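*Asks:*
Number of protein chains: 2
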Amino acid sequence: MATTPERRRAGRGGRPPQLTREDIVATALRVIDTDGLDALTMRRLGAELGVAAMSLYRHLANRDAVLAAVVDHLAAEAFTELDPGDSWSEALTRFGAAYRRTLLAHPRAVPLLATHPMDIDVGLRLMGGVLDRFAAAGLSRTDALTAVQSVAVFVLGHALAQVGAPPGSPAARPETAEAADYYQSWFVAGLTAMVAGFAARFGR
Amino acid sequence: MATTPERRRAGRGGRPPQLTREDIVATALRVIDTDGLDALTMRRLGAELGVAAMSLYRHLANRDAVLAAVVDHLAAEAFTELDPGDSWSEALTRFGAAYRRTLLAHPRAVPLLATHPMDIDVGLRLMGGVLDRFAAAGLSRTDALTAVQSVAVFVLGHALAQVGAPPGSPAARPETAEAADYYQSWFVAGLTAMVAGFAARFGR
DNA sequence: CTACTTTGCTTACGGTGTAAGCTTACGGCG
DNA sequence: CGCCGTAAGCTTACACCGTAAGCAAAGTAG
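Those protein sequences? They're chains A and B, same order as listed. Position in the first sequence (from 1) plus 12 gives the number in my numbering. Position in the second sequence (from 1) plus 12 gives the number in my numbering.
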């Protein structure tokens, strides 16, 4: 977790910061990935950063703020550029797959998305490219939002089902290849059905 | 929480129980409904039942077991008899709506379903009637499970989006009628699209 | 140097889940 | 009746949590 070479703050005086908000968030996500959500205590997070727990409060209001920041971080990670040639239905499918990829890359963090809803602006930025494809096809913003958000909640719900475990399961719980295949084809079937359904309603 | 008139246990001797597992679960759900998930502490739950916190451990292994039991309780509540004349697509739509109704009846409990996945047998019992409609139409069990579970995760994901709030919101957060309408029509659109998509794939 | 500002640290408190062992209330049996 | 086994509930205690309050340190500006 090396600090950036030039860490002089913008503001005038004061002790130079040894901690960045981004450092904290990235470390928090790493802890969640390796040891799970419950392992992310303020003391643990501080220890990982070589700092006392209370020092974190200079940068984030409380533990919930840390978790919310992790959610935003994940949203940024899920952002994908879209091929400009895609139709809205292709873009929608791609969006769902990309969002899913990000969630599965951080299985222990997925329940966070359920508990700490994504900031609305962050969410819109994440879906922005797809929404544009709908607009380009002459569809209303309402229809676009309905379709994209429907896919988004499906992806999240599906990921929850995939990574979920009666909490108390032995730590990391590596997924078998068969299980992964099962969930993947279920996912594709559901996503395809939903996109096809919207296509039938909106017309291509 | 009056005890049932005849509360003699089945087993031989011993002090007669003053607490039932069902009492505990029902009270837990009531606390969650009124004061939220965080308010459900073992001490609080004991106090509501007129009992010391540690007494609960005679009936449920730990707090997570209480939460899991609440989830099962909700699943039982979501169970709906289906009209035998329904096609699989009608039954599927009805199932989604009924599941959604139950979730919205307990908004503060919805995140539980994300965190504590439903027991597999409980889930199958919940979906059993719908699965039968698929079988009656000659569809494979795999296809049936894919469709029903897809709807289920969509319903849960959607409910999470509806009831979710940056945790720290002022307690109960009553929903405006406009918001409820918005989510309802979004829900109908998404569910309809998904069911239509599966219908197109499976054939009616 | 002194004054100021910002960061990080120390200490402390109330609340949590729950492990260990004790007490209480019953039904059965001598 | 007295005693005993047994199951339910209670008391106490502990480690750990988030975080409020105030202090120490490390820079810049004058």
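Cβ atoms here follow ideal geometry from the backbone N, Cα and C, with glycine treated the same way. Fair warning: this is a prediction, and the values are worked out from it, not measured in the lab.
With a cut-off of 8 Å, do at least 3 Cβ pairs link the stretch 121-131 of chain B to the stretch 166-177 of chain B?
*Replies:* yes
*Asks:* Exposed or buried, which one is residue 26 of chain A when buried takes at least 16 other CB atoms within 10 Å?
*Replies:* exposed
*Asks:* Could you pull out every residue in the same chain whose Cβ sits closer than 7 Å to the Cβ of residue 68 of chain A, ignoring the five residues on either side in sequence?
*Replies:* 36, 54, 57 and 58
*Asks:* I'd like the span of the alpha helix (DSSP H) that includes residue 200 of chain A, first residue to last.
*Replies:* Per DSSP, residue 200 of chain A is one residue of the alpha helix (DSSP H) stretching across 189-214.
*Asks:* Go through its chain and collect everything with a Cβ distance to residue 156 of chain B's Cβ below 6 Å, but skip five positions before and after it.
*Replies:* 143 and 146
*Asks:* Could you list which residues in chain B have their beta carbon closer than 8 Å to that of residue 204 of chain A, in chain order?
*Replies:* 209 and 213
*Asks:* With burial defined as no fewer than 16 other Cβ atoms inside 10 Å of the residue's Cβ, what is the status of residue 15 of chain A: buried or exposed?
*Replies:* The predicted model places residue 15 of chain A with a pLDDT of 36, which falls under 50 and marks its position as unreliable; any figure quoted below should be read in that light. The residue is exposed, with fewer than 16 neighbouring Cβ atoms inside 10 Å.
*Asks:* List the residues of chain B that residue 160 of chain A touches, going by C-beta distances under 8 Å, in chain order.
*Replies:* What residue 160 of chain A touches in chain B: nothing, since even the nearest Cβ is about 11 Å away.
*Asks:* Can you confirm whether the stretch 29-43 of chain A touches the stretch 62-79 of chain A when touching is taken to mean that 3 or more C-beta pairs between the two stretches lie within less than 8 Å?
*Replies:* yes
*Asks:* Just the chain B side, please: which residues come within less than 8 Å of residue 172 of chain A by C-beta, in chain order?
*Replies:* Correct list: 126, 129, 165, 168 and 169.
*Asks:* State yes or no: is the beta carbon of residue 100 of chain A nearer than 8 Å to at least one beta carbon in chain B?
*Replies:* no
*Asks:* Consider the Cβ of residue 201 of chain B: report whether some Cβ of chain A lies at a distance smaller than 8 Å.
*Replies:* yes
*Asks:* Any idea what DSSP makes of residue 26 of chain A, helix, strand or coil?
*Replies:* Collapsing the DSSP output to three states places residue 26 of chain A in coil.
*Asks:* Report the residue ranges of all alpha helix (DSSP H) runs contained in full by the stretch 113-167 of chain B; include only those spanning at least 4 residues, in chain order.
*Replies:* 122-127 and 132-148
*Asks:* What three-state label does DSSP hand residue 65 of chain A in the structure shown?
*Replies:* helix
*Asks:* Is it the case that the Cβ atoms of residue 162 of chain A and residue 201 of chain B are separated by a distance below 8 Å?
*Replies:* yes
*Asks:* Mind checking if residue 109 of chain B is an interface residue toward chain A, Cβ cutoff 8 Å exclusive?
*Replies:* no
*Asks:* Answer with buried or exposed for residue 43 of chain B, where buried requires no fewer than 16 other C-beta atoms within 10 angstroms of its C-beta.
*Replies:* buried
*Asks:* With 16 other CB atoms within 10 Å as the buried threshold, where does residue 129 of chain B fall?
*Replies:* buried
*Asks:* With a Cβ-Cβ cutoff of 8 Å, do residue 118 of chain B and residue 72 of chain B count as a contact?
*Replies:* Going by C-beta atoms, residue 118 of chain B is not nearer than 8 Å to residue 72 of chain B.
*Asks:* Spatial neighbours of residue 177 of chain B within its chain, please: C-beta separation below 7 Å, excluding the five flanking residues on both sides.
*Replies:* 185
*Asks:* Put residue 46 of chain A into one of helix, strand or coil per three-state DSSP.
*Replies:* helix
*Asks:* By alpha-carbon positions, which one of A:135, A:114, A:148 and A:99 ends up nearest to residue 11 of chain B?
*Replies:* What is shown of chain B runs 13 to 216, which leaves residue 11 of chain B out entirely.
*Asks:* Below 7 Å CB to CB, which residues in the same chain sit around residue 131 of chain A once its five sequence neighbours on both sides are set aside?
*Replies:* Around residue 131 of chain A: 84.
*Asks:* Please report whether the beta-carbon of residue 177 of chain A lies at a distance below 8 Å from any beta-carbon of chain B.
*Replies:* Yes - at least one Cβ of chain B is within 8 Å of the one on residue 177 of chain A.
*Asks:* Using a cut-off of 8 Å between C-beta atoms, extract the partners of residue 123 of chain B located in chain A.
*Replies:* The answer, in chain order, is 126 and 127.
*Asks:* Rounded to the nearest angstrom, what separates residue 205 of chain B and residue 159 of chain A at their Cα positions?
*Replies:* 9 Å
*Asks:* Mapping the DSSP letters down to three states, classify residue 93 of chain A as helix, strand or coil.
*Replies:* coil
*Asks:* Using the Cα positions of residue 63 of chain B and residue 45 of chain B, report the straight-line distance between them to the nearest angstrom.
*Replies:* Distance from the CA of residue 63 of chain B to the CA of residue 45 of chain B, rounded to the nearest whole angstrom, comes to 20 Å.
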